Ligand SMILES: Nc1nc2c(ncn2[C@@H]2O[C@H](COP(=O)(O)OP(=O)(O)OP(=O)(O)O)[C@@H](O)[C@H]2O)c(=O)[nH]1
Ligand SMILES: [Mg+2]
């Protein structure tokens with residue numbers, strides 16, 4: 002019997018790169034729900050934001066991975082309950098150039114752990130914009146145990162994203 006698809010949820014604060022992550026990786030046309038940003042503070046950062054979800058799909062070693070990106074804005078957090086249903090694992094993105102995204106990540110780790118006891122990891126995104134290569138401080142800020150990985154990533158680079166997902170799946174399914 003064919004293996005069940007692995008449902009991987011990609012979460013993180015506003016502007017951490019979730020939609021980019023799913024878009025870079027997906028083998029199918031991504032279903033995204035980006036709409037124009039509505040507040041001045043959002044508009045200063047970017048012109049669109051995810052209001053419901055991103056959906057993409059890839060194969061890794063014949064296994065089908067379904068990718069579900071969440072919105073980053075707290076006003077859409079009701080979508081988390083829906084997207085977290087029956088997930089097999091989750092990734093929490095941090096924007097390494099924006100310290101505020103770390104607090105949000107700590108909070109998201111707790112929320113998603115409450116949904117299900119599944120493997121998860123942190124993705125230190127926008128690594129092309131940051132000189133950081135030692136994530137000891139980030140680990141401390143997130144109060145993350147040693148067995149939880151932090152993967153550096155450049156979500157605009159398909160190979161980088163693919164590497165993260167491959168390593169995560171290897172660790173999650175062994
Ligand atoms: N330099 C660089 N830019 C990135 C990277 N990942 C994402 N970006 C940029 O960061 C911005 C935000 O990316 P999105 O993918 O829209 O972020 P998001 O997390 O989906 O945002 P929301 O859905 O609004 O929460 C875009 O301008 C991306 O091009 C990266 O690894 N490096
Ligand atoms: Mg998005």
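Residue numbers (this note's numbering): 2 to 175. Yeah, the Cβ is synthetic: ideal placement off N, Cα and C, and Gly gets one too. None of the values given here were measured: they were computed from a predicted structure.
Query, Result
"Euclidean distance between Cα positions of residue 50 and residue 37", "6 Å"
"Check: residue 98 C-beta below 8 Å from any heavy atom of ligand 2", "no"
"Distance CB(residue 12)-CB(residue 77) smaller than 9 Å", "no"
"Residue from 154, 91, 100 and 41 whose Cα sits closest to the Cα of residue 118", "91"
"Same chain, Cβ closer than 6 Å to residue 169, five either side skipped, listed in chain order", "122"
"Reference residue 132; option with closest CA among 97, 20 and 68", "97"
"Among 81, 62, 94 and 33, nearest to residue 139 - alpha-carbon criterion", "94"
"Residue 161 to residue 155 span [Cα, whole Å]", "6 Å"
"Of the residues 174, 18 and 40, the one placed nearest residue 125, counting alpha carbons only", "18"
"Proximity to residue 129 [Cα-Cα], best of 157, 149, 142 and 107", "157"
"Where residue 152 sits in the DSSP three-state scheme", "strand"
"Closer than 8 Å: residue 146 CB and nearest ligand 2 heavy atom", "no"
"Start-to-end residues for the beta strand (DSSP E) that takes in residue 56", "49–61"
"Other residues of its chain near residue 150: CB distance less than 8 Å, five sequence neighbours each side excluded", "122, 123, 168, 169 and 172"
"Simplified DSSP assignment, three categories, for residue 15", "coil"
"Three-pair Cβ contact test at 8 Å for the segment 20–37 versus the segment 99–111", "no"
"Residue range of the beta strand (DSSP E) that includes residue 125", "121–126"
"For residue 174 and residue 41, the rounded distance between their alpha carbons", "43 Å"
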